[in-house]
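Sequential numbering from 20 applies to the sequence shown in this note's numbering.
Structure first, commentary second.
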Amino acid sequence: MNNNANSDDKNDTLGRLKTYANDIATAAKILADHLQDCGVGSSSSSSVFSTPQLAVPRDAPYEVHRARCNLLNTINRLQTLLAEPADFIQQLASQTQLLACLRWLGEFQVLACVPLNDSVPAKDVADLTGVPETQLRRIVRMTATAGFLHEPEPGYIAHTALSAPFVTQLCYLDAAMFLAETAAPAALQMAAATKLLHNEQAAGGDTTAYSLAFNTSQTFQAACEQRPKLQRQWPAFLRCAGDVDDSVPELLGRLDWLSLGSACIVDVCADSTSAATALAELFPALHFVVQLGAPVVHGSANGGAAGGGGGGGTGVGMTPPSLSEAGRPNSLSRARITVQKRAAGSPQTVRDAAVYMVRVAAPSCSPPLLLAYVAAELRAHLAVLRANPAATLVLAPRPLPDPGSVDPSVEAAACLRDLAKMQLLAGGRDVDVAELVDLVGGVRDGGGGLVVVNRLHARNSATVALGVKYRAGGDGQAGLKPAVL
């Protein structure tokens, strides 16, 4: 019986290997065809970098970005299938050394000393930055294994398509330095923090892995408020870790907006017009009201990472820039977007909208405070939804997804963010869907209350869309219909 089971497991594994191989070939062909249609990677589209890299243009069609994501996701699955313990350790060691090298390069400002479009003698860079030339070359040899900097000829250093953005877009360097200087040291104290957790909880303490790593009683939130460098680095890290709602326009874009005709959509407590602009580009009949205002005014480092649609995420699970970068509206879409100021939790003054979008995301905010904000918004919209039963309020949380419910890269990024919040923030975690469903069900008046009528999610995003309506005598969960887009 055991032999049969082992045989079945082997056949299943071989089947996966063949499936992944076929999927990689298919996805690579789709990506190559799309890139060829866009003129990317052809001989006419020359690059200033001597190292090859297929960089998908940020304004490329959605299908191109999706094909790239599918290819990388399948490669990740194949690597997981084939990895052995020694491979796993080697990968960990490699990533550790790469992180150390990035910190070294950032500490001595080496990247800015390398021309973007030419090579430079390593000795010149070493003299300019005051570091030993031999050490500089050893570090570049390591980073070059990951495509970051390279030696076009012995004794010379040049940028690659991967390393150059760390000079031209400093948010990437900020994210790397935060990972090396703050996130990684805190992560390595997670075991020590766990040992203290039981006694701390009994005594009402709030020791975190962060406080142990830096031997401080100051919370991470307080440090962010006082240190401008952390105010830059923390949001930059979160954007690179995919902790932005750039996926909201794509997810909401799959709803049946065409059936609404020329309806009005309200983006509640947004921090930019990007989500509304993306949807306006996709659906030219809709009108939008963007109500600007920080969702959570306490415990959000630099505000910029706390809500709305700011920032462009990176990584395999990113939302295509064709949607997320629509924050530069053309004149036609701009004419259909009205911007207002509105304080969180204040009565909703737009009473005739078809949809009210409420983001549920605040990286540095504790779950109780975030739930209090959502409860206030639900109460603020209760009368509006009661007066207009056809209207829908869409809650868009980004919970930790169920295992296997999203693409591997999306799940990995979500777990990364989840652990980072646990290590840096006292009680740090994402609000889960069950908590929100219970919260919705508790918002009632004498004639009925709010109910969650459907739940939508896509495999390429951790964001979930919960549709909320007013129902007479509703119990908060009537008619809940999950759907995968």
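Backbone N, C-alpha and C fix where the C-beta goes; we use that ideal spot for every residue, glycine too.
Treat the numbers as computed from the prediction; the structure is a model and nothing was measured.
May I have the straight-line CA-CA distance separating residue i from residue j, to the nearest angstrom?
| i | j | result |
| --- | --- | --- |
| glutamate 126 | alanine 394 | 44 Å |
| arginine 405 | glutamate 82 | 40 Å |
| glutamine 154 | proline 76 | 35 Å |
| threonine 411 | leucine 469 | 10 Å |
| arginine 463 | leucine 388 | 21 Å |
| glycine 423 | arginine 478 | 9 Å |
| alanine 212 | alanine 445 | 11 Å |
| leucine 443 | glutamate 244 | 14 Å |
| asparagine 95 | threonine 162 | 21 Å |
| alanine 51 | glycine 58 | 10 Å |
| threonine 187 | serine 365 | 41 Å |
| asparagine 92 | leucine 401 | 41 Å |
| phenylalanine 307 | arginine 353 | 10 Å |
| leucine 36 | glutamine 237 | 50 Å |
| arginine 157 | histidine 84 | 35 Å |
| serine 428 | aspartate 437 | 14 Å |
| proline 420 | leucine 458 | 19 Å |
| glycine 486 | leucine 301 | 20 Å |
| leucine 342 | alanine 297 | Caution is warranted here: a pLDDT of 36 is assigned to leucine 342, below 50, making its placement in the model unreliable, and the coordinate value is therefore given only provisionally. Distance between the alpha carbons of leucine 342 and alanine 297 is about 5 Å. |
| aspartate 193 | glycine 149 | 22 Å |
| valine 483 | proline 104 | 35 Å |
| alanine 47 | proline 80 | 16 Å |
| threonine 115 | leucine 121 | 10 Å |
| aspartate 275 | leucine 305 | 12 Å |
| aspartate 143 | arginine 361 | 55 Å |
| arginine 398 | glycine 447 | 25 Å |
| leucine 130 | alanine 199 | 16 Å |
| glutamate 396 | threonine 45 | 45 Å |
| proline 303 | arginine 258 | 29 Å |
| glutamine 55 | aspartate 42 | 20 Å |
| leucine 390 | valine 452 | 11 Å |
| glycine 460 | leucine 215 | 37 Å |
| glutamate 172 | arginine 273 | 50 Å |
| alanine 145 | asparagine 89 | 41 Å |
| glycine 492 | threonine 201 | 50 Å |
| serine 65 | aspartate 137 | A caution first: serine 65 carries a pLDDT of 46, below 50, which makes its placement in the model unreliable, though a value can still be read off. Roughly 15 Å between the two C-alpha positions. |
| lysine 488 | alanine 409 | 8 Å |
| alanine 324 | asparagine 234 | Any reading at alanine 324 is ruled out, since the residue's pLDDT is 35, under 50, leaving its predicted position unreliable. |
| histidine 53 | glycine 280 | 32 Å |
Suppose contacts are defined by Cβ-Cβ distances below 7 Å. Is residue i in contact with residue j by that definition?
| i | j | result |
| --- | --- | --- |
| arginine 355 | alanine 299 | yes |
| alanine 180 | glutamine 72 | yes |
| valine 450 | valine 377 | no |
| alanine 141 | glycine 166 | no |
| alanine 432 | alanine 260 | yes |
| arginine 490 | glycine 467 | yes |
| glutamine 367 | valine 309 | no |
| phenylalanine 197 | phenylalanine 239 | no |
| alanine 228 | valine 285 | no |
| leucine 270 | serine 480 | yes |
| histidine 178 | leucine 147 | no |
| leucine 414 | valine 379 | yes |
| alanine 242 | leucine 249 | yes |
| alanine 74 | isoleucine 49 | no |
| valine 139 | isoleucine 108 | no |
Sort out for me which residues DSSP pairs residue i with in a bridge.
| i | result |
| --- | --- |
| glutamine 15 | For the chain, the structure presents residues 20 to 504; residue 15 sits outside this window and is missing. |
| isoleucine 356 | Phe307 |
| arginine 378 | Ala415 |
| leucine 469 | Tyr489 |
| cysteine 190 | Cysteine 190 pairs with nothing; no bridge assigned. |
| tyrosine 175 | Pro140 |
| cysteine 384 | Answer is none; cysteine 384 lacks a bridge partner. |
| alanine 289 | Leu311 |
| histidine 169 | Ala177 |
| arginine 463 | Gly468 |
| cysteine 283 | His306 |
Out of the options, which one is the CA nearest neighbour of residue i?
| i | options | result |
| --- | --- | --- |
| arginine 474 | Arg417, Met441, Ser428 and Asp437 | Arg417 |
| glycine 312 | Gln109, His306, Thr292 and Leu33 | Thr292 |
| tryptophan 123 | Arg398, Ile108, Pro151 and Asp437 | Pro151 |
| leucine 100 | Thr32, Gly447, Gln310 and Asp275 | Thr32 |
| cysteine 6 | Tyr392, Gln252 and Ala373 | There is simply no residue 6 to check, as the chain begins at 20 and stops at 504 in what is shown. |
| leucine 455 | Ala399, Leu435, His53 and Pro386 | Pro386 |
| proline 204 | Phe185, Leu279 and Ala232 | Ala232 |
| tyrosine 39 | Leu97, Gln110, Ser281 and Ala294 | Leu97 |
| glutamine 359 | Asp290, Ser138 and Pro408 | Asp290 |
| alanine 210 | Asn407, Thr164 and Met441 | Met441 |
| threonine 357 | Ala295, Ser278 and Gln128 | Ala295 |
Does any CB atom of chain C fall closer than 7 Å to the CB of residue i?
| i | result |
| --- | --- |
| leucine 412 | Judged by its chain identifiers, the structure shown contains no chain C, having just a single protein chain. |
Any heavy atom of the ligand SAM closer than 6 Å to the Cβ of residue i?
| i | result |
| --- | --- |
| valine 425 | No copy of the ligand SAM appears in this structure; indeed no ligand is present at all. |
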